[in-house]
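Chemist: If you read the protein sequences in the order shown, they are chains V, S, C and Z. Read in this note's numbering, the first sequence has 363 at position 353, and its numbers run on one by one without any break. Read in this note's numbering, the second sequence has 773 at position 83, and its numbers run on one by one without any break. Read in this note's numbering, the third sequence has 659 at position 238, and its numbers run on one by one without any break. Read in this note's numbering, the fourth sequence has 61 at position 57, and its numbers run on one by one without any break. Glycine included, every Cβ here is placed at the ideal spot set by N, Cα and C.
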Amino acid sequence: MTVLELQHVSKSFAATQALKDMSLAIEPGEIHAIVGENGAGKSTLIKIMTGVHQPDRGEIRVGGVAVTLRGTQDAQGAGIAAIYQEPMVFPDLDVAENIFISNRAESAVMNWRRLYAEADLLVAKLGVKLDVRRAASGLTLAEQQTVEIARALSLNVKVLIMDEPTASLSAHEVARLLDIARALRAQGVSVIYISHRLDEIFQIADRVTVIRDGSHISTKPIAEVTPEGLVHDMVGRAIDSFAVKTEASPHGAPVLQMQGLGRAGVFRGINATVHAGEVLCFAGLVGARRTDVALALFGIAPATEGEIKIDGAPVTIRTPAEAMAHQIAYVSEDRRKMGLAMTLPIFANISLASLGKLMGLFGLINAKAETAMAETYRKQLAIKSADTRVEVGKLSGGNQQKVMLAKWLETKPRILIFDEPTRGIDVGAKAEVHNIIRTLAGQGVAVIVISSDLPEVLALADRVLVMREGTQAGLLPIEEASQERVIGLAAGHDMKGAA
Amino acid sequence: KATPGQAVNMVLLPKFLGILPFDQADRGAQEAAKELGSTGTYQYIGPTPENSAAGQIEMLTTATTQKQNVVMLSNNAGDQIAAVAEAAQAAGTKVVTWDSPIPSGKGESLFVAQVDFGSIGTVMADMVMSMTGGAGEFAVLSASPDAANQNAWIEAMKKVLAEDAKYKDLKLVDVVYGNDQSEESYNKALGLVDKYPDLKVIMAPTTVGIVAAAKAMQDEGLCEKVKVSGLGLPAEMVSYTMNGCAPEFALWSFVDLGYLTTYTSYLLATGAIKGEVGETFTAGRMGDFTIEADPGREGAKRVLMGPFTVYNKDNVEAASK
Amino acid sequence: MHPQTLRILALAAALLATVLFFSTQIDGYLSERMFTRISTSAAVILPIAVGQAIVVITRNIDLSIGSTMGVVAYLTGDYLSGHPELHPVLVLCLAMGIGAGIGAINGILVAWGRVPSIIVTLGTLALLRSFLVEYSDARTITTASLPQWLVDLPQANAFSIFGIDVRVTVVLALASAVVMGLCLSRLRAARRFFAVGSNPDAAVMAGINLPMVTLLAFVLSGALAGLSGFLFLAKFGNITVVAGMGFELKSVAAVVVGGVSILGGSGSMVGVVIGTVLVDTIDNSLTRWELVSEFWRDALLGFLIMAAVTVDTFMSRQLSRLSRKES
Amino acid sequence: MKLKSWEGMLAFLFLLTLVANAMLAPEFLTLQNQINLFQLSIEKIIIALVMALVIINAEIDLSVSSVLGLAACVFGYLVHIGVAAPLAILAALAVGPVAGLINAVLIARVGIPSLVVTLAMLIGFRGVARILVKDQSMGDFPQWVTDLGQKGFLGPIPLSLWLFVIFAVGLGVLLHRTGFGRQVVVIGTNAEVARFSGLDVARVKTTLFLMASSMAALGGVLYAARLGSVRGDAGVGFELDIITMVLLGGVSIFGGKGSMAGVILSILIILNLRNGMALTNITGHIQTGVIGILLIVSVLGPNLWERLRRG
Ligand SMILES: Nc1ncnc2c1ncn2[C@@H]1O[C@H](COP(=O)(O)OP(=O)(O)OP(=O)(O)O)[C@@H](O)[C@H]1O
Ligand SMILES: Nc1ncnc2c1ncn2[C@@H]1O[C@H](COP(=O)(O)OP(=O)(O)OP(=O)(O)O)[C@@H](O)[C@H]1O
Ligand SMILES: [Mg+2]
Ligand SMILES: [Mg+2]
């Protein structure tokens, strides 16, 4: 018998048909992976299972009985909970409350001490260091993700859905999460697992379903599929999986130099040089403060120690505008909070950082040029959308990522910082983004990539800077960088090679 | 002298709607309109309290557009309404003020004065005099700094105090404003007694302020020490007069004021009177009146209603019924 | 230390500074009399401020709260003049019930009609006043028509400590703040107010019944405005159609000075109490300050409120920076 | 899409109002009435145009009516003590930038929410006006000043109406066609995204509050000229009317959304509705009540309709 079943479900948003006649059955105690391109309809599928959206047609069965889910309460009542793709935390509540907010089993009167104790336990189980008494407002994306996972775990569910839970986690936390998924399975809980990282899927899934353009393509036991076959099913064509880079590409003159760079109480002692045409990757565990280095370079939270040199000349960068004047661009990791104006159309987001270029007499915007600019990127980056007047918030996660990229590419930067550039991007698009990064480097742009995805780091980097707890744990040329070496440095096991 | 049955379209425009005196004036106006058998329309419309000044200006403009014959205005907009009133006159709409005039007199045909503004200063001073026993500190709790009639009365009182030697021992220590809201007036009254420990009288020339002040004194057990006086409605004041918190206060009849204003306006609109100084006319049950120069406002003309009644223990109960 | 605690300390310091300053300016300031004056005057606003705070915590605003209070004061007074024998507890229930009813209308429009609260309450602010003008027929409710117990209520002492009288009305108002404060920090259901205000989308995703929580906030705010209306009726006795006009802004001022985030999600009832008392203390003290004439008061009041908020912002920022360094 | 249909609804409402007025009130269509209609509310409507930008920027300025009052009183006071009218006008206009700068510094630099700052300043600026004029009314302005406020300027159309048209077009272009307008919208949508895109959020906000206060000061001068005299209560309570106009125009109180066309339509609706009610002798508080209902229903109606349609 199935725990959860969708039968002939269809759903459309205005002009987009997100799901077409979708049928899917989840067995008790299985880990069921769902894969598909960006915009294939995975998140929509999930939201139908959790009652956030109502299907236009078709029905949902829980334990064989047809149900109507009018909201997440209904879904939780039916034993279904989800970790959503975009973490949903309450910034003003503390971590522990965030975790237990939707737990109905708790008593009517708050027992704060017990709340903290249980939260501590849960967080420890996830292998994360996190003060459960602090407000969630300052949490990094990864920490928010942790809270989200802990929240779902705190509920006693029959079906746990994870929509790209590992998108912003690093190897260490990913391993933990996979363990937890397995443990849940052992307890008879069904896990629906969505990820663009195929290696994870092959590690834990029992069965895998591929969807494309809102339609069900296949459901197979994992043993019967190969990575290549899966990708082919997803994209409808073959894609070269990216190889590990073995030697550094040729590069030009030094463009950006960081000398003893630091920010009081946050990070310190960063020494590195990025040359024209070079890709420098920042690796490290979650919370290693890689983003903070980027924020210092971009003038959001300026450095207080050390020196930044551009083309050999020392510069001070106190605001993003100053950074942009030095042709620095920063593609941030949290597109919802810092990247995109979700209710504005695609074109307005793409032109946002280069409005100056489009402005003529009296600051009037040249609408034609703006549309043309946006169109170019829509085509070049294959942003899946009818035209560029669509609200960005209505795009799938991956396509949003592309819009954000386009915004910064348009500023024609010489120094381009990517913070988790492929977070939530499907394999096809990821290959595209990697291509773009390589092309840019090839054109002489100095590139910094911050990524928690080690294969990505090893595929892109010319050199790898490993951070640990706000310090530089090592700077490895690509020839010396291996998975083990980087993880070792990041976690503090590796004693040699500290630069 | 009035010819009944003519078509005069009239608008009675109070300061704002929702308090008793203006409704009483409306009653008087309706009575008069009926008596006169006016075949025109009669409207009682007013602005909301929070939008009083701007609302009055708007309503007077609209009345002009409608080509109303007369607008009877209890002005709360001060001279700000003068320009609009002048425009109304130019377009043939007469503006007769009552209760509260246009301070500069511009744009106003006539002012139907409830009392002589100068004499009310004397009356207020006299009431303070009798309550303090001839000497001591007192303060004024007025409506708002922008209320033209209240300001005129306070001015008149100050003048009497300065000019007549018999008041030389009375000391006006402060003028504060309660904005015709119970809570503000109440708090201001308490503020006064705290600020001036020797205060003997609070003079409130506003019907909202006087009850609030009286209640404040009563609540704090200060009625022996600080007396309240001013202009009040007998129905609202009776208990405070009987228990000695507000032994004496004055008022006139708003019903009569509405009645007289309507009569005057009707006569003016039908051309029975020109509105010149010295003209006399008969206003129904209220008898004969003469148009005279307004002593308080240069160039302005008034019809003086008078008299007003001073209420005390002896007559307040009867009047409150 | 928790940032909220720091905030409260900063506020308390501001209040203390205010009191100390005025004690050097006004004779007999630190007296039992001044305590009664300020406590009884703040008591009328406090329930309304508490109600406003709950609504603001859910990322809404209730601008109709002053009108609600006026309507409640008027209707309750009106009913009492016909039924003077009604038991005091029932009168209180009646007042809070009328308020809650009005709050429910606001709440339903916001929660299920999906109309932003500022629009709904801006509308009902006007509508309730219009209703009152129509309904009242220009009659004023006077003390004469009210039962004696109600007229005497504001003078009734609950208890005295160190020779300072604490009035029943003050106790009632404080009780509303304490009860709501306890609920907000202790009741699981009440924590949802914070969740909803902190991140409404996440609240929906977390299975919180957003419309229900919103409705409840408005009903509570209405009921508390009802309590304020009752206290208003008892204290001032004379109720005209303008009763409570302007209290919406007073309540918002008390709430924001009290450190409740206008953007929703955070705030505490202790803060609201201190905020209310602070604003009322400044107001009452200025009225009694000899150096300040009537015409200077508003300017000073506005700038002092601004100063209090600015100092509070700086101080709590500074303090939380310090505490972060320590940890 | 959604915005378009909103404006469509407003346009329909506007036509409805016009037709109803023309049918019920014979005086409605006269030129003088049409001019009066604008002139009586000119200060509110020009401020509403700027307020739209402020609210789209996810801020609010409650202090505008007090700035208006202060500017009017500065003008009145200076003329009263014998300063030449042109100088007095300049001084009154200068109130705008000064007040706006105080607001802007506290909001954009210190980081206090605008609702809080401008609520306090609503009391504060009004208080300063009160200090200047006390319980007096100050008038006797030179004839040319009052003519400017009351008489036709270029034909029968008064200066204020010209100003309204100029500002409506100018601010519409500013909001919808310029880089500055785009920045206003983006910041209103998500200030953090704007900051990460290199926009100077503080500067945009500062500019907006300066604009709002300056427009309010101009409103104050127009108010003084229109009425020929000023008092301490000039413009009291205008802020709620102004905000009503903006919100009915479809501007989201949460920022990021709204169009100048919507606001202009909303202004036209409110002015005509009020005028029509006044001409049919509907009294003040009912007028206010009707606007209140309109405000709620205009948002509620489409929401309910949407629900019904979805089933
Ligand atoms: N609220 C919405 N309104 C309009 N269109 C939507 C909405 N949500 C999703 N869509 C559209 O539905 C389609 C499926 O989106 P969905 O988010 O389910 O994709 P996904 O498979 O989760 O993609 P990704 O891997 O990028 O997260 C997309 O074309 C998207 O633009
Ligand atoms: N303890 C903290 N308190 C407040 N803010 C924090 C804290 N830790 C991190 N942040 C903020 O979160 C953001 C990202 O943090 P950080 O640089 O530590 O992460 P990271 O190394 O980039 O890791 P990842 O990107 O994988 O999450 C920065 O803006 C940083 O200021
Ligand atoms: Mg998705
Ligand atoms: Mg990061």
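Can you check the stretch 693-729 of chain S for any alpha helix (DSSP H) of at least 4 residues that lies completely inside it and give the ranges in chain order?
Modeler: Entirely contained in the stretch 693-729 of chain S, the alpha helix (DSSP H) runs reaching 4 residues are, in chain order, 710-726.
Chemist: Trp533(C) by DSSP, collapsed to three states: which one?
Modeler: In the structure shown, Trp533(C) sits in coil (DSSP, three-state: anything other than H, G, I, E or B).
Chemist: Using a beta-carbon distance below 7 Å, is Asp884(S) in contact with chain C?
Modeler: Closer than 7 Å to some Cβ of chain C, the Cβ of Asp884(S) qualifies, so yes.
Chemist: Can you check which of these residues, Ser147(V), Val119(V) and Val105(V), is closest to Ala127(V) by C-alpha distance?
Modeler: Comparing Cα positions, the closest option is Val105(V).
Chemist: List the residues of chain Z that Thr353(V) touches, going by C-beta distances under 8 Å, in chain order.
Modeler: Result: Thr193, Gly260 and Lys261.
Chemist: Taking Cβ to Cβ, would you say Gly408(V) is nearer than 7 Å to Ile221(V)?
Modeler: Their beta carbons are not under 7 Å apart, which means Gly408(V) does not touch Ile221(V) by this criterion.
Chemist: Quick one: Cα of His63(V) to Cα of Leu391(V), how far?
Modeler: Rounded to whole angstroms, His63(V) to Leu391(V) spans 29 Å at the Cα level.
Chemist: When you compare only the Cα positions, how much space is there between Val928(S) and Pro30(Z)?
Modeler: Taking the straight line from one Cα to the other gives about 49 Å.
Chemist: By how many angstroms is the C-alpha of Arg560(C) removed from the C-alpha of Ser502(C)?
Modeler: Cα-Cα distance, rounded: 12 Å.
Chemist: Comparing C-alpha positions only, which one of Ala172(Z), Asp65(Z), His180(Z) and Gly293(Z) sits nearest to Leu123(Z)?
Modeler: Ranking Ala172(Z), Asp65(Z), His180(Z) and Gly293(Z) by Cα distance to Leu123(Z) puts Asp65(Z) first.
Chemist: With a threshold of 6 Å (Cβ to nearest heavy atom), would Gln411(V) be considered close to ligand 3?
Modeler: The answer is no for Gln411(V).
Chemist: What's the C-alpha gap between Val599(C) and Ser642(C)?
Modeler: C-alpha separation (whole angstroms): 15 Å.
Chemist: With distance defined between alpha-carbon atoms, name the residue in Ile51(Z), Asn279(Z), Leu57(Z) and Gly260(Z) nearest to Val197(Z).
Modeler: For the residues Ile51(Z), Asn279(Z), Leu57(Z) and Gly260(Z), the minimum Cα distance to Val197(Z) belongs to Gly260(Z).
Chemist: Consult DSSP for Pro937(S) and reduce its assignment to one of helix, strand or coil.
Modeler: Here Pro937(S) sits in coil by DSSP.
Chemist: Going straight from the alpha carbon of Ala293(V) to that of Pro312(V), what length do you get?
Modeler: Each residue's Cα considered, the two are about 21 Å apart.
Chemist: Can you tell me the Cα-Cα spacing of Thr156(V) and Asp189(V), whole angstroms?
Modeler: The alpha-carbon atoms of Thr156(V) and Asp189(V) are separated by roughly 14 Å.
Chemist: For Ile1013(S), name the three-state secondary structure that DSSP assigns.
Modeler: Nothing about residue 1013(S) can be reported from this structure: the residues present for chain S run from 691 to 1011 only.
Chemist: Straight-line CA distance for Leu725(C) to Asn877(S)?
Modeler: So the two alpha carbons sit approximately 20 Å from each other.
Chemist: Nearest CA to the CA of Lys40(V): which residue from Gly148(V), Ala152(V), Ser180(V) and Arg217(V)?
Modeler: Looking at the sequence itself, residue 40(V) is Glu, so the reference to Lys does not match. Per the Cα distances, Arg217(V).
Chemist: Distance check for Gly305(Z) and Leu272(Z), CA to CA, integer angstroms please.
Modeler: Going by the C-alpha atoms only, they are around 20 Å apart.
Chemist: If we count the other Cβ atoms within 10 Å of its Cβ and call it buried at 16 or more, is His42(V) buried or exposed?
Modeler: By the neighbour-count rule (16 or more Cβ atoms within 10 Å), His42(V) is buried.
Chemist: Using a beta-carbon distance below 7 Å, is Gln758(S) in contact with chain C?
Modeler: No - not a single Cβ of chain C is within 7 Å of the one on Gln758(S).
Chemist: According to DSSP, is Ala339(V) part of a helix, a strand, or is it coil?
Modeler: Looking at Ala339(V) - three-state DSSP - the assignment turns out to be strand.
Chemist: Looking at the structure shown, is Glu315(V) part of a helix, part of a strand, or coil, going by DSSP?
Modeler: Here Glu315(V) sits in strand by DSSP.
Chemist: Using a beta-carbon distance below 7 Å, is Ala829(S) in contact with chain C?
Modeler: Chain C contact via Cβ: absent.
Chemist: State the start and end residues of the unbroken beta strand (DSSP E) segment that holds Leu453(V).
Modeler: The sequence shown places Gln at residue 453(V), rather than the Leu named in the question. From DSSP, Gln453(V) is part of no beta strand (DSSP E); its letter is neither H nor E.
Chemist: Is it buried or exposed, Arg186(Z), if we count other Cβ atoms within 10 angstroms and call 16 or more buried?
Modeler: Buried: at least 16 other Cβ atoms inside 10 Å.
Chemist: Does DSSP put Arg480(C) in a helix, in a strand, or in coil?
Modeler: In this structure, Arg480(C) counts as coil in the three-state DSSP scheme.
Chemist: Do Ala145(V) and Asn108(V) have their beta-carbon atoms positioned less than 7 Å apart in this structure?
Modeler: No. Outside cutoff.
Chemist: Rounded to whole angstroms, what is the Cα-Cα separation between Thr421(V) and Pro632(C)?
Modeler: About 44 Å.
Chemist: At 4 residues or longer, and completely inside the stretch 840-870 of chain S: list those alpha helix (DSSP H) runs for me, N to C.
Modeler: Qualifying alpha helix (DSSP H) stretches: none in this window.
Chemist: Distance, Cα to Cα, Ala471(V) vs Ile90(V)?
Modeler: One C-alpha to the other measures close to 41 Å.
Chemist: I need the straight-line Cα distance from Ala936(S) to Gly239(Z), nearest angstrom please.
Modeler: Whole-angstrom Cα-Cα distance: 36 Å.
Chemist: Would you kindly report the start and end of the unbroken beta strand (DSSP E) that includes Asn578(C)?
Modeler: Residues Asn578 to Ile582.
Chemist: Measuring CA to CA, which of Ala286(V), Lys139(V) and Thr256(V) is closest to Ile458(V)?
Modeler: If we check each option's Cα against that of Ile458(V), Ala286(V) comes out closest.
Chemist: If you measure from the beta carbon of Glu453(C) to each beta carbon in chain S, is any gap under 7 Å?
Modeler: Chain S contact via Cβ: absent.
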